[in-house]
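For the sequence shown, the numbering used here gives the first residue as 1131, with consecutive numbering after it.
One structure is given below, encoded as structure tokens.
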Amino acid sequence: MFRDVVVRFAGGSFGPFVPQPMYKPHTNSDRKRYVEEVELEEPIYFMTDHGECGILLSDALRARVKTLKDRDQTVFEGRGPSVSIRLEWPGYRQWSRQIPTKDFRSPPGPITKAKLAKNVAKCVQRFIDERKNQPLEEETDVRWKIGHPHITLDDIVLVSIHHVSLGSWQPHLRLRRPFEL
């Protein structure tokens, strides 16, 4: 599991973190080659100018990121053309998609933190679209069901993204509001 970070959240009332186990390659040799023998980078945090932690994925998707701190800071400098974004959402099989690490300028340069947030939002939306009609795995808390009328992109906050293996990053997500009782 990701370590919980003590930070200030918008509005004082916030939902739970999505309880994702940290991604690990399946075989011992892959774990050694892609995790243990590489220097993983520090997480990238998504803070607002007001010191609040996290950005709504629906806002990131629509490029509504005026309050995102360091939104024009470049990320993934010196990387290849893409990285994998990995999700381990409770009740669903592991999922991953590639996102570009370069923009489309000439010459191409690294993407910004705002563009990274938008790309992660696109990935999570695609995950929801692909899995919304699938039943949850047995013994999964039904509150983690995705797709309308359950959890949608509007309900999810991107807190940070963590380098979990050589070419893979995993977003640390939380819900916008507490679960209804």
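Glycine included, C-beta positions come from ideal geometry on N, C-alpha and C.
All values reported here derive from a predicted model rather than from experimental measurement.
Taking the CB atoms as reference points, tell me whether residue i and residue j lie closer together than 9 Å.
| i | j | result |
| --- | --- | --- |
| Val1213 | Gln1203 | no |
| Ser1188 | Ala1251 | yes |
| Ile1258 | Phe1206 | no |
| Pro1173 | His1292 | yes |
| Pro1301 | Ile1215 | yes |
In this structure, how does DSSP classify residue i when only helix, strand and coil are distinguished?
| i | result |
| --- | --- |
| Tyr1164 | helix |
| Arg1304 | strand |
| Gly1142 | Below a pLDDT of 50, predicted positions are generally treated as unreliable, and Gly1142, at 49, falls in that range; no measurement from the model is reported. |
| Leu1283 | helix |
| Leu1191 | helix |
| Ser1159 | helix |
| Arg1273 | helix |
| Glu1182 | strand |
| Trp1219 | coil |
Just to confirm the assignment, what range does the alpha helix (DSSP H) spanning residue i have?
| i | result |
| --- | --- |
| Gln1255 | 1243-1261 |
| Leu1288 | Leu1288 -> not in any alpha helix (DSSP H); beta strand (DSSP E) instead, spanning 1286-1295. |
Please confirm whether residue i has its beta-carbon closer than 9 Å to some beta-carbon of chain B.
| i | result |
| --- | --- |
| Cys1253 | This model lacks chain B altogether, as it is built from one protein chain only. |
For residue i and residue j, I'd like the C-alpha separation in whole angstroms.
| i | j | result |
| --- | --- | --- |
| Gly1208 | Glu1268 | 42 Å |
| Gly1145 | Thr1231 | 30 Å |
| Leu1191 | Asn1249 | 8 Å |
| Ile1185 | Pro1151 | 21 Å |
| Val1287 | Arg1261 | 19 Å |
| Thr1282 | Pro1238 | 33 Å |
| Leu1303 | His1280 | 16 Å |
| Asp1284 | Trp1274 | 14 Å |
| Val1294 | Ser1159 | 15 Å |
| Phe1234 | Gly1210 | 14 Å |
| Pro1265 | Arg1307 | 23 Å |
| Phe1147 | Ser1290 | 11 Å |
How many whole angstroms separate the CB atoms of residue i and residue j, which I take to be in contact at a CB cut-off of 8 Å?
| i | j | result |
| --- | --- | --- |
| Glu1218 | Tyr1153 | 6 Å |
| Lys1199 | Thr1178 | 6 Å |
| Thr1270 | Pro1220 | 6 Å |
Looking at the ligand HEM, does it come within less than 8 Å of residue i, judged from the CB to the closest heavy atom?
| i | result |
| --- | --- |
| Ser1214 | Among the components modelled here there is no ligand, and therefore nothing to report on the ligand HEM. |
Could you tell me the boundaries of the beta strand (DSSP E) in which residue i lies?
| i | result |
| --- | --- |
| Arg1227 | 1225-1230 |
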